[in-house]
Structures are given as C-alpha cells and as structure tokens.
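Trainee:
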Amino acid sequence: MKVSFPIMGNSYVAFKQLVEQIGHEPVVPPLPSSRTMTLGTTYSPEFACIPFKILMGTYLEAIEKGAELIISSGGHGPCRAGYYGEVHQRIINELGYKTKVIIFDSVNMAFKDFFKKLHYILRTGKTSWWQFIKVYRTVWDKLLALDEIELLAHQVRPYEVEKGKTSEVYRRCLAIMDQARTRTQIKEAKEACFRLLQNISQDKSRKPLKIGIVGEIYVQIEPFANLDIQATLGEMGVFTKRGIHLSEWWMETTHQSHNEEKAVAAARPYLNQMIGGHGILSVGETILYARRGFDGVIQLAPFSCIPEIVAKSILTQVSRDYGIPVLTIFLDEQTGREGLRTRLEAFVDLLQQRRQKRLGGAVS
Amino acid sequence: MGVKIGFPRTLFYFIYFPFWHAFFSGLGFEVVTSRPTNKLSLDLGVQEAVNDACLPIKLYHGHVAELKDKVDVLFLPRMVSVRKLDAETFCPKFLGLPDMIRNSIAGLPEIIDEKVDLARGFFPLWKLGLKIARRLGYKKDWHTWRAFVKAKAAQDKYIRNLAAGVPPQVAMETAVTGEPVRLPDVPVPDLNLAILGYPYLIYDSFVNIGLFEKLAQMGVRAWTVEMVPPHRLEVQGKNLSKHLFWHFSNRAVRAAFYYLNEKRVDGIIHVTAFGCGPDAMVDKLMELEAKNRGNVPYLTLSLDEHTGEAGVLTRVEAFTDMLRIRRREHESVVSHHG
C-alpha cells in the first residue's frame, strides 16, 4: 500500500524508514510550500488553525502522489487537533478521493483502538509484531538522533561566522541521516553530523541573548509554519531553546520522561487547570525560562488557537511578576516573513537594551 | 445575610442561571446579575479582555467588570464538564476563564471559581452545591439540601419550557419569578428554520442583533438546540465515529442531525462567533451533513463586536427569500406531474 504521513520538522526522515520497513511504500509528501498552503486554505474551514490547513494541503499533495493511506496522530481534546482527522477525512471524501486517514490517538487513553489500528497497518504490510519491535527501535534511534542534531544546530548557529552556514550544513545532515538504515549506521551518521556541525567556524567571543520558545506543538516544530523562526533568530545572533521536540513529546506521552510535570507545577499559581493543547505548558515553561535566566520568551501560536489565547491572557501577568518580556506571535496563512522579521528585530533590540541596562547597573 | 452574589448575565447564564439563582436565594443570599448585554458590556469587555479572545469571552469580561463593584462575591464557576461522556468538556476558554479574569481585571472581590466537573463520582452536583454553601459560611446542610432541591426543580422547569418552544426570555423570567408562562403573539409561520449555535449567542438578542424577533416578523418558525427532546438528541451521537470534545458543540451538531434526519426544517442557520475554535469543526461538519442529507440550504452567520444590524438582516432576508423561491419552484415541478 502507498502510505503517507504529515510533515512535522525533520521527523519525516524517520517516518519514511518506518513505513518502508513495515512493508509499505512510503509517499513522502513535498515539504510544505506556498502551494501546500493554498491547497490547504482552499479546502479547510476558515477558522481552522494553521496546522490543520498545512496538513490538509499536505494530504492533498500526498494524494496527488498516489497515497492510499495517511497516518496521523490525534488526541483527546479539548484542543481541536484531536478532531482534525475526522474532518480531514470528510473533506477528502467530499473531494471524491478514496484515500483513508488513520488517526492514532494516544496509547494510554485509547489502548485498544491504538493496537487495532497498528495491527491493521502491520497486517497489510505483512510485518510480524516481532519484526515491528526491531523496526521501532531502529526508527526511534533515528528520531532521537535527528532531534539531537537539530538541537546542536541551534546551539551552533548564533556563533557562526559565515551567516547561513549552519542551516546549509544541517540540510546536508538530514540527507546523511536519510541514508543511514541500521542502528550502527544511524550512530555513525549522527557522529558524522555532529563533527560537521562542530567544525563550522564559530566566534565564541559572542554573548548571545537567550530566548525561550513556548507554544503550540506543531508551529513550534515545523519551520514552514513558524517561518523558520529559530534559524532567523539564530542568524541574528540569538540562542533559542524551544519547549518541545517530537522525541521528547513521545517520551512524555508514554510517561518515559517527566519534564512536563515541572512546567505544569510552575503554572499552578496562575492556571490551575489543564486546558488542552499546550496552553498550560506555555505558562509553566515561561516561568521556568525566567527562573533559568533567559532574556525573553516568544509564544508561538496558530491564529484562533484557544488554549494559547487563554495562555496569552495569563502571560501578561506572568511577564509582569517575573520581569521577563514575552512576545506572542499568532501565525496564520497571512503572516509574512518580513513582517515577522521586523517584529523579531524589535524584540531582540528591546532585550539587548534591557541587558545593557542591567549590566550597566551592576557595574556602577 | 445580606451577602450579594454576582452572576454575569452571559455565557452559562442562559442555561444554568435558574439553578444557581434558586440555590443561592434559597440559602438567603441576594443574587445580583449584570444588566442584559449592552454597548457598555461590549466596550468594557473589549477593553479588559485579550484581543484574540472571541466575542462571548470578551462580553464575559465586560459583564464581570460591570458587576465587580456592586457585589461582595462573584460567582465565576470553572465549567469543566456536566455529564459523563468520553472526554467531553467545555471549550478551553471556559476551562481557563476564572484565571483569565483574575489576570486581566484589577480590583475584583472574592471569587467563587469552584470546578463544575460532573463527570465523576456520585451525586457530583449535590457535592458541588454543598461545597459552595460551606465556602460561603453556610453551616446547616439540611437547609442547603432544601435549596438544592428547589434549584433542581427550577432548572428542570426552565429546560422543559425551552423544549416546549417558550421564548428564552419568557422562560427565564418565569423560571426566576415562578410565575406562569405568558406567550407573546407572533404571525403564523410558513417556514421552519433550525437556528443552531451556543446558547450565549442564540439567546442574547444584543449579540445576535435581535435575530429571533426578525425571524418571527419574517414568518419564520425558529427551532433551536434546546427544543430537541433530550433523549432524541442523545441518540444522534451515533452519527459520528468520535464525539466532539466540547459540550455545547456536541449538542449543536446533534441537533443538526436531528433536524436533518427528521426533515423538520427548510434550512439551517448556524450562528457562530468570529474566531470560535470549536465552531471551525462544527460548522464544516454541519455544512457537509446538510449537503449530503438532502441538500438542505445552510447559512453561517458569524458575529463579532463589529456586526451591524443591517448586515445580519440582509443576509437572513436573502436566505429566507431563497428558501421561498426554492419552495415555489419545487411546487411547480410537482404540479407538472400531477
């Protein structure tokens, strides 16, 4: 079967191998482009959020490439994302396609359903559970390695001497990782990528500003959705750390790591209720960034994202209490790269001035 | 006791006020509501709320701002869920609403923001009532029980009246004062329309710019979510493979299924707020269902703080005109055959 999946950051490199090794033909959709966006907005409800629209476009492009089955993830609300698969499927049918959308809701809440769907995919791919476990471990290694490489790239970028060099090397790294198949190869490829990134000539005398990025998971992870915000800031000489990577998210949902709990606990005095999506984390992580001495926080959210709107209204108070500037950016299909850049430059300027004032004060 | 409890006249007010009014007055408190939504609540709301919030949330801020200096305690419950169903809750903005209010409006009195989560445990509503009464310093649980029973009766009566098609203002008034229902005169309708949406849009005639009065003048009988018998509404849930997450959305979508399946209406008007998150899903679902189940005409009416009377009127008139023309054409087709 021709199987496709959404693009979310660098994870497609790993998912491609996953689909291939469980016996299906992977259809890697084109990386999101303005065409994806146009297709997506044409067929989506007007007030659906930008992740919905990008996914809609991506699915249609995957269908053009022959995808018969699309695998995606869901959720249990009250964030809308958990219901998106349902609506995507209806729109796809409405357009006259037969492609099926399979949505995996979280393992711990819909255990039976999760395994039923997984079983279907393995059976049609003629893969045994035993083989699957082996494949899973390999792909998991790959996903982790990809995230580690990305993290390193974000660390190197603010110091790079030649502007844009890191991004160029990073793209090369993705191609290298794509070639690696076995666990040994993945390990070697990762080390090679690390060397490539570390060998970029860096100016270590710089003292980059530190900005924490919080917000909705998809727009944090997918550079097309956030107009490459981390690379843009990195090239302005700012170090950024974002709240979530896909491998971390998986660890959290399967209870293998517990960083989220810290953020939730930090948010308690301000927001004592899970509100779906990443709303409570946006509040909690902002507080944690402030405690760790970051210079500022950027909240990224899709336009009309409800949990993030709640978070935003609370963040004004957090920002006052902790003395940390917070910039909220709502993204939609109208958001332009240059407009965003101007806002980022202004924010970075502000942070720079605050830092100088603080340092000046300390010296006197 | 003379303690004044403030209840904003918006959002949950339109569904749950009869209960809380009877409950608090049964305990001897004075219940004070804000005035019906007006220009002032709107202006205050726009001023106090985060600008990305939807109209109903802004209005809630406005009503709270109007009330805060007139009362001793504000009742701003955190609505989480009201029944056992999968993962059904209220919209995330409702879940975080007390926190939004607290972090946006200065100089608030004491707030009762007890969590209304009726999906778990036994007699959750009674336990909630007890908790609130005790928090207000009320020690005689027997009296609380008496107030609780009265409150439930008032609420049941209100819901029954709404289901029978009593106009919401009349139903609310009779539920609160306990007087018998007096129905206003309206022209005999020749069109039936389902007006679907959340109670705080549907039943607030400032927000929807007098939609129901206008429909009545145009000879349209309006059918709402609350007019579907509860058990009939419930069974419509099986039309979707996954329940929606939001209480009011589930009700609206199910009502749409009901009216479409029973072929009771000539068209559907979905009343929504600009930028409403859940409605991005709800609207598309209803639109596709209306199309696939007999091509029923469907209109989305999106409201925000800039919505003007003329705009709404024109669109609704055009819609009803279209329905009548359609009907005439349909009739003439039938007459050809026989």
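Protein sequence lines correspond, in order, to chains C and L.
Numbering of the first sequence is given in the working numbering, commencing with residue -8 and proceeding in unit increments.
Numbering of the second sequence is given in the working numbering, commencing with residue 6 and proceeding in unit increments.
The C-beta atom is built at its ideal place from N, Cα and C for all residues, glycine as well.
(1) Taking C-beta to C-beta, are C:Gly76 and C:Val92 nearer than 9 Å?
(2) CB-CB under 8 Å to L:Phe34, same chain, minus the five flanking residues each way: which ones, in chain order?
(3) Would you check if the distance between the CB atom of C:Pro293 and the CB atom of L:Phe250 is smaller than 9 Å?
(4) Compute the Euclidean distance between the alpha carbons of C:Leu218 and L:Phe24, then round it to the nearest angstrom.
(5) Consider the Cβ of L:Asn108: report whether some Cβ of chain C lies at a distance smaller than 9 Å.
(6) Where do the ends of the alpha helix (DSSP H) carrying C:Ile300 lie?
(7) Is it the case that the segment 76 to 89 of chain L contacts the segment 106 to 117 of chain L, given that we only count it when at least three CB pairs across the two stretches are under 8 Å?
(8) Is C:Ile235 near C:Ile289, with beta carbons less than 9 Å apart?
(9) In whole angstroms, give me the CA-to-CA distance for L:Gly316 and L:Asn213.
(10) Can you list, in chain order, the stretches of the alpha helix (DSSP H) that have 4 or more residues and sit fully within the segment 318 to 352 of chain C?
(11) So is C:Tyr209 in contact with chain L if we call contact Cβ pairs under 9 Å?
(12) Of all the beta strand (DSSP E) runs that stay within the bounds of the segment 13 to 64 of chain L, which reach a length of 3 or more residues?
(13) Quick test of the definition: if touching needs 3 or more C-beta pairs under 8 Å, does the segment 324 to 334 of chain C touch the segment 308 to 316 of chain C?
(14) Provide the residue span of the alpha helix (DSSP H) that contains L:His236, from first to last.
(15) Look at L:Leu220 and L:Leu198 and say whether their C-beta atoms are less than 9 Å apart.
(16) Could you give the DSSP three-state label for C:Lys7: helix, strand or coil?
(17) Got a sec: is the Cβ-Cβ distance from C:Ser304 to anything in chain L below 9 Å?
(18) Closest to C:Gly(-2) by CA distance: which of C:Val130, C:Asp96 and C:Ala53 is it?
(19) If we define contact as Cβ-Cβ less than 9 Å, is L:Trp131 a contact residue for chain C?
(20) When you compare the CB of L:Pro82 with every CB in chain D, is at least one pair closer than 9 Å?
(21) So that I know if they touch, is there some Cβ in chain C lying closer than 9 Å to that of L:Leu293?
(22) Taking 9 Å as the cut-off, decide whether the C-beta atoms of L:Met286 and C:Tyr74 are in contact.
(23) Within 10 Å of its beta-carbon, does C:Asp319 have 16 or more other beta-carbons around it, so buried, or fewer, so exposed?
(24) How about C:Thr118 and C:Gln12: are their beta carbons less than 9 Å apart?
(25) Is it buried or exposed for L:Leu290, if we count other Cβ within 10 angstroms and need 16 for buried?
(26) State the Cα-Cα distance for the pair C:Val301 and L:Leu102, rounded to the nearest angstrom.
(27) Given a limit of 7 Å on CB to CB distance, which residues of the segment 191 to 218 of chain L reach chain C?
(28) Using the Cα positions of C:Lys125 and L:Glu267, report the straight-line distance between them to the nearest angstrom.
(29) Determine whether the Cβ of L:Ser46 lies closer than 9 Å to any Cβ atom of chain C.
(30) Would you say the beta carbon of C:Ile191 is closer than 8 Å to some non-hydrogen atom of the ligand GTP?
(31) Short check: CB of C:Phe43 to CB of C:Ala72, under 9 Å?
(32) Taking C:Thr307 as the query, report the chain L residues whose CB atoms sit under 9 Å from its CB, ordered along the chain.
Mentor: By the coordinates alone:
(1) yes
(2) Met6, Val8, Lys9, Ile10 and Leu141
(3) no
(4) 49 Å
(5) Yes, because at least one Cβ of chain C sits closer than 9 Å to the Cβ of L:Asn108.
(6) Where C:Ile300 is concerned, the enclosing alpha helix (DSSP H) stretches over Ile297 to Tyr313.
(7) yes
(8) Their beta carbons are not under 9 Å apart, which means C:Ile235 does not touch C:Ile289 by this criterion.
(9) 11 Å
(10) none
(11) Between C:Tyr209 and chain L, the shortest Cβ-Cβ separation is not below 9 Å.
(12) Runs of the beta strand (DSSP E) inside the segment 13 to 64 of chain L: 35 to 38.
(13) no
(14) Pro235 to Val240
(15) yes
(16) helix
(17) yes
(18) The question names Gly, yet the displayed sequence has Ile at residue -2 of chain C. Closest by alpha carbon: C:Ala53.
(19) no
(20) This model lacks chain D altogether, as its protein chains are C and L.
(21) True, the Cβ-Cβ gap to chain C drops below 9 Å.
(22) yes
(23) The amino acid at residue 319 of chain C is misidentified as Asp; the sequence shows Thr. Burial call: buried.
(24) Taking 9 Å as the Cβ cut-off, C:Thr118 and C:Gln12 qualify as a contacting pair.
(25) Burial call: buried.
(26) Annotation: C:Val301 to L:Leu102 spans about 8 Å, alpha carbon to alpha carbon.
(27) none
(28) 53 Å
(29) no
(30) This structure lacks the ligand GTP; in fact it carries no ligand of any kind.
(31) It is a contact, given that the beta carbons lie within the stated cut-off.
(32) Under the 9 Å cutoff, chain L gives Val55, Asn108 and Ser109.
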